[in-house]
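Residue numbers (the UniProt record's numbering): 1 to 451.
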């Protein structure tokens with residue numbers, strides 16, 4: 001712009017040219033349209049049809065023709081009575097600026113309720129807690145196995161360990177997948193079968209399939225039951241037959257403290273032992289182990305197959321190992337997918353279907369911050385949460401059918417229920433809300449007091 005200025009010592013007016021700074025309104029600048037206009041000369045349409053297509057595309061993208069719309073403005077456009085349709089570019093910008101509605105997950109740090117379990121043995125190698133698909137919990141206390149019904153808060157004795165009057169005790173419990181049958185192992189090496197619905201109905205007794213106590217149990221089908229023994233043997237029973245085991249697997253060199261059948265459709269049985277190994281056998285040809293996993297440096301009690309991914313096995317090692325490992329059991333040789341060092345004894349591993357996570361229980365630890373706890377992990381073994389409260393090491397772990405609640409049993413003779421997810425699982429029967437308190441006692445029963 002031309003500005004008239006009077007110079008010192010002169011009376012005449014002198015015209016001086018000075019430039020003004022043009023500052024556009026940032027909110028009204030359309031850089032996308034400017035880029036299109038600048039590049040338009042280099043890519044002119046070659047036909048009337050192409051020119052018409054480009055003009056229609058520009059109107060849709062920029063809510064108007066770039067040739068007739070200003071790129072730079074000193075202020076916003078005056079509002080009109082008509083509400084213009086937003087351009088596609090404006091919609092994309094608005095969606096990009098919009099923050100997603102992310103709600104933080106809350107996992108209660110305190111248990112939902114606590115059960116007193118006098119007589120719960122402080123023995124790492126036993127497996128005396130299980131949670132059925134029918135939402136019933138089985139617990140072995142000394143020489144008696146009890147059933148706990150979370151919905152009603154009732155406790156019932158269902159089986160006595162063989163030789164219970166002579167100092168025998170329950171060493172393992174295991175529900176069939178439908179929750180109707182319950183197997184109870186004893187220190188005498190016997191396995192009892194009872195009806196979990198009719199608690200007074202004793203079905204049969206299975207002869208010992210190995211030496212020593214029956215430390216672990218697992219159901220593979222309606223009539224297929226595997227038992228692991230202190231002597232290292234693994235026996236598979238056909239529960240329709242009377243007598244001994246239908247077949248036995250190659251024996252471990254130590255007590256079999258972990259046993260797990262793969263989900264339906266995979267004929268595999270994993271056994272963990274005090275000899276620091278995990279063996280995976282094909283139950284269709286059980287004469288030789290299909291795989292032997294040797295990465296752990298302590299007893300392997302904790303193991304579980306993933307219910308939604310075939311040939312995926314999680315294992316956990318004892319005190320001197322303290323690691324969690326995930327394996328591909330479908331491989332021809334030992335193949336580890338993931339591993340993490342927890343710094344503490346791993347006494348239990350279970351998959352939760354609610355959020356597809358891994359739940360573990362822990363005992364002795366070289367790091368006080370990880371001992372006597374229940375921990376949650378993502379499938380890639382990134383930690384999610386740690387739940388503490390037990391005054392002794394956690395010995396047993398179970399997860400509800402819907403995957404929303406974890407049950408831990410410890411050497412402090414308590415059973416604690418932890419809410420780990422509010423999302424119900426797919427395919428499993430949802431567990432009802434656990435009662436906050438129950439004042440009624442069941443006379444003569446060990447598992448009675450609820451805090």
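Built from N, CA and C at the ideal position, the CB exists for glycine as well.
Item: Under the three-state DSSP convention, the category residue 370 falls into; Value: helix
Item: The stretch 260–267 / the stretch 232–249 touching (three or more Cβ pairs under 8 Å); Value: no
Item: Three-state secondary structure (DSSP) of residue 50; Value: helix
Item: Three-pair Cβ contact test at 8 Å for the stretch 334–343 versus the stretch 384–393; Value: no
Item: CB contact flag (residue 317, residue 297, <8 Å); Value: yes
Item: Backbone CA spacing between residue 290 and residue 332 [nearest angstrom]; Value: 8 Å
Item: C-alpha distance - residue 139 paired with residue 105, whole-angstrom precision; Value: 31 Å
Item: CB contact flag (residue 210, residue 273, <8 Å); Value: no
Item: Counted within 10 angstroms of its Cβ, other Cβ atoms place residue 264 as buried (16 or more) or exposed; Value: exposed
Item: Helix, strand or coil at residue 56 according to DSSP, with G and I counted as helix; Value: helix
Item: Sequence-distant residues of the same chain with beta carbon closer than 7 Å to residue 378, five excluded per side; Value: 357 and 384
Item: Where residue 310 sits in the DSSP three-state scheme; Value: coil
Item: Near the ligand NAP: residue 403 beta-carbon under 7 Å from a heavy atom; Value: The ligand NAP is not among the ligands present in this structure, which contains no ligands whatsoever.
Item: Close-in-space but distant-in-sequence residues of the same chain around residue 295 (CB under 7 Å, 5 per side omitted); Value: 325 and 336
Item: Counted within 10 angstroms of its Cβ, other Cβ atoms place residue 117 as buried (16 or more) or exposed; Value: buried
Item: Rounded distance between the beta-carbons of residue 177 and residue 219, thought under 8 Å; Value: 6 Å
Item: Coil, strand or helix - residue 302 by DSSP; Value: strand
Item: Separation of residue 187 from residue 213, as counted between CA atoms; Value: 4 Å
Item: Reference residue 155; option with closest CA among 136, 171, 142 and 161; Value: 136
Item: Extent of the continuous beta strand (DSSP E) to which residue 270 belongs; Value: 268–273
Item: Cβ shell of residue 312 (< 8 Å), same chain only, five flanking positions each side left out; Value: 305, 306, 326, 327, 328, 329 and 337
Item: Of the residues 240, 141 and 276, the one placed nearest residue 161, counting alpha carbons only; Value: 141
Item: Residue 223, DSSP secondary structure in three states; Value: coil
Item: Status (buried if at least 16 other CB within 10 Å, exposed otherwise) for residue 227; Value: buried
Item: Sequence-distant residues of its chain with Cβ nearer than 6 Å to residue 344 (five each side left out); Value: 322, 362, 365, 370 and 371
Item: Distance, residue 360 Cα to residue 376 Cα; Value: 7 Å
Item: Cut-off 6 Å between Cβ atoms - residues of its own chain near residue 148, not counting five sequence neighbours on either side; Value: 137 and 155
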